[in-house]
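Heads up, the thing below is written out as structure tokens.
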Amino acid sequence: MRVPYRTYPGPNNTVQYYPLLRVRVGRKYGPTTRFFEALVDSGASDCMFPEDVAQAIGINDITTGRKSMRAGIGGKEDVWIHSVVVYVGEHALDIEAAFTHTLPVSGLLGRQGFFEHFRITFDPTGDPPGLEIERVHKA
Amino acid sequence: MTPEAAARLEALRAAPLDSWVALSEDETRIVAVGRTYAEVASELDRLGDQQSVILKTPDAWLPLAL
Chain P
28 MRVPYRTYPG
38 PNNTVQYYPL
48 LRVRVGRKYG
58 PTTRFFEALV
68 DSGASDCMFP
78 EDVAQAIGIN
88 DITTGRKSMR
98 AGIGGKEDVW
108 IHSVVVYVGE
118 HALDIEAAFT
128 HTLPVSGLLG
138 RQGFFEHFRI
148 TFDPTGDPPG
158 LEIERVHKA
Chain A
10 MTPEAAARLE
20 ALRAAPLDSW
30 VALSEDETRI
40 VAVGRTYAEV
50 ASELDRLGDQ
60 QSVILKTPDA
70 WLPLAL
């Protein structure tokens with residue numbers, strides 16, 4: 028499926044375009060979030076969500092997960108890993124996702140847990156710019 | 010830019026920063042705002058709205074580098 032990049036305000040009334048997907052996150056046999064936007068981020072090692080998303084699916088204290096760290100432009104950050112299900116279109120992905128106290132977006136879809144399940148083509152030259160995603164099933 | 014993309018842009022420009030907002034299913038208008046995801050979800054529950062999409066706004070509209 029082809030998904031157009033989404034518009035996002037930039038500084039000084041400029042426009043930014045981002046590869047954002049509409050996803051839901053849940054736990055097996057547990058509650059599921061509403062649709063929310065997550066950034067498709069090939070630079071992210073794995074999928075990451077803010078603690079608000081954790082609380083919505085019944086993880087009231089993210090620090091009960093397996094502690095790890097991630098490095099980004101903002102420096103090092105503690106994260107906690109939990110098993111979740113990410114719903115992308117008709118696809119349900121059982122993954123290990125990182126949760127953090129501070130994330131400036133509502134979700135990141137990274138290489139482990141997301142890119143390993145899809146063939147993804149970023150096409151910023153299109154009108155509108157967009158990304159093509161195709162599910163890959165590997166044994 | 011499509012009219013829908015332009016409307017989304019204007020809706021987000023008007024949204025409070027460092028907040029959670031819900032955009033209508035066609036992403037052209039804001040239907041709920043809150044300090045937390047839970048506040049926005051609760052408002053959507055009250056509206057009987059199952060299709061809006063939620064996102065977190067940053068504390069400044071700057072290009073993202075995560």
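Top to bottom, those sequences are chains P and A. The end of the first sequence is residue 166 by this note's numbering, with every number in the run present. The end of the second sequence is residue 75 by this note's numbering, with every number in the run present. Cβ atoms here follow ideal geometry from the backbone N, Cα and C, with glycine treated the same way. Values in this document were obtained by computation on a predicted structure and should not be read as measured data.
- Leaving aside the five residues that flank P/A65 on each side, the residues in its chain whose CB is nearer than 6 Å to its CB run, in chain order, L48, V50, G134 and L136.
- Pairing P/V111 with A/K65 gives a Cβ-Cβ distance that is not under 7 Å.
- For P/F126, the secondary structure class from DSSP, reduced to helix, strand or coil, is strand.
- Three or more beta-carbon pairs drawn from the stretch 111-129 of chain P and the stretch 52-68 of chain P are found closer than 8 Å, and the two stretches are therefore classed as touching.
- When the alpha-carbon of A/L53 is set against those of A/W29, A/R22, A/P12 and A/A69, the nearest one is in A/W29.
- In terms of beta-carbon proximity, A/V30 stays away from the interface with chain P, with every pair separated by 7 Å or more.
- Under the Cβ distance rule, P/R49 counts among the residues neighbouring chain A, one pair being separated by less than 7 Å.
- DSSP places P/R93 within a strand segment (E or B) once states are collapsed to three.
- Contacts between A/A41 and chain P, judged by CB atoms closer than 7 Å, are missing: the closest CB pair is about 10 Å apart.
- Just measuring C-alpha positions, the residue of P/T34, P/M28, P/K165 and P/I89 sitting nearest P/H128 is P/I89.
- With respect to P/P156, P/Y35 sits apart: the two C-beta atoms are not nearer than 7 Å.
- C-alpha of A/A31 to C-alpha of P/K94: approximately 31 Å in a straight line.
- Under a criterion of Cβ atoms nearer than 9 Å, no residue of chain P is adjacent to A/L56; the nearest Cβ is some 12 Å distant.
- Residue pairing of P/P36 in beta bridges, as defined by DSSP: P/V42.
- Non-local C-beta neighbours of P/H118 in its own chain, meaning closer than 8 Å and more than five positions away in sequence, comprise H144 and R162, ordered along the chain.
- With respect to chain A, the C-beta atom of P/S69 has no partner C-beta closer than 7 Å.
- In summary, the residues of the stretch 57-87 of chain P whose CB is separated from some CB of chain A by less than 8 Å are T60, R61, F62, F63, E64, L66, D68, G70, A71, P77, D79, V80, Q82 and A83, in the order they occur in the chain.
- Under the three-state reduction of DSSP, A/Q60 is assigned to coil, being neither helix nor strand.
- The alpha-carbon separation between P/I84 and P/I147 amounts to approximately 28 Å.
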